[in-house]
Amino acid sequence: MIEIHPSAKISDLCDIEDSTRGTRIIIGENCVVDSFVKIKPAGGNGDVVIGSSSYINSGCVLYSGSGITIGNNVLIAANCTLAPVNHDFRDPDRLIREQGFLPSKGGIRVENDVWIGANSVILDGAYLREGCIIGAGSIVRGEVPSYAIMGGNPLKILGSRK
109 MIEIHPSAKI
119 SDLCDIEDST
129 RGTRIIIGEN
139 CVVDSFVKIK
149 PAGGNGDVVI
159 GSSSYINSGC
169 VLYSGSGITI
179 GNNVLIAANC
189 TLAPVNHDFR
199 DPDRLIREQG
209 FLPSKGGIRV
219 ENDVWIGANS
229 VILDGAYLRE
239 GCIIGAGSIV
249 RGEVPSYAIM
259 GGNPLKILGS
269 RK
């Protein structure tokens, strides 16, 4: 089920796939979803919920997996991937694509007023607390404190907004 608030601006060049398994995709009021954004129910039955006044820039890919919750006033720069899902690969005698998925690490949670820099990858179990900034090109798979400025790989605190 896809629910888009009437005030949201969704590019005609955005691709939002409807789920065949009941996954909900909810886009809140005054959101902007730019060209070439892909929102795809895949790898689980979690919902994708985007709060109000958030902006998803061009080239981003969001897989539903174990679920994505994005708060209000979140900025996601170009070419980011949010993937709350992990393929199982433990049986070397079977193709990876035939092994299904590993148990959830809790999905992805992004609180209010977060900025995710271009080309970042946010993985299952990531929890981005209010006001944090994720530097361009980062990989996030755990908790980021409120108002922290994070960057680099491995991810490290570069400063604080407070």
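So the sequence shown is numbered by the working numbering: it starts at 109 and just counts up by one. Positions of the beta carbon are idealized from the N, C-alpha and C atoms, including for glycine.
Residue of the options minimising C-alpha distance to residue i
i           : options               : result
residue 155 : 214, 243, 255 and 229 : 214
residue 188 : 139, 170, 194 and 176 : 170
residue 354 : 249, 134 and 217      : Shown here, the chain extends from 109 to 270; a query on residue 354 therefore has no answer.
residue 199 : 180, 210 and 216      : 210
residue 176 : 161, 196 and 147      : 147
residue 262 : 229, 222 and 166      : 229
residue 234 : 223, 248 and 244      : 248
residue 121 : 130, 208 and 168      : 168
residue 137 : 258, 150, 130 and 111 : 111
DSSP-derived helix/strand/coil call for residue i
i           : result
residue 219 : coil
residue 238 : coil
residue 125 : coil
residue 137 : coil
Exposure of residue i, with buried meaning 16 or more beta-carbon neighbours within 10 Å
i           : result
residue 219 : buried
residue 128 : exposed
residue 123 : exposed
residue 58  : With the chain represented from 109 up to 270, any question about residue 58 goes unanswered, as that position is not in the structure.
residue 201 : exposed
residue 204 : exposed
Extent of the continuous beta strand (DSSP E) run through residue i
i           : result
residue 229 : 229 to 231
residue 189 : 189 to 191
residue 145 : From DSSP, residue 145 is part of no beta strand (DSSP E); its letter is neither H nor E.
residue 111 : 110 to 112
residue 115 : That residue, residue 115, is in no beta strand (DSSP E); it is neither H nor E in DSSP.
Straight-line gap, residue i to residue j (C-alpha atoms, nearest Å)
i           : j           : result
residue 143 : residue 193 : 24 angstroms
residue 191 : residue 182 : 17 angstroms
residue 115 : residue 264 : 37 angstroms
residue 240 : residue 118 : 25 angstroms
residue 232 : residue 157 : 15 angstroms
residue 162 : residue 180 : 6 angstroms
residue 227 : residue 164 : 12 angstroms
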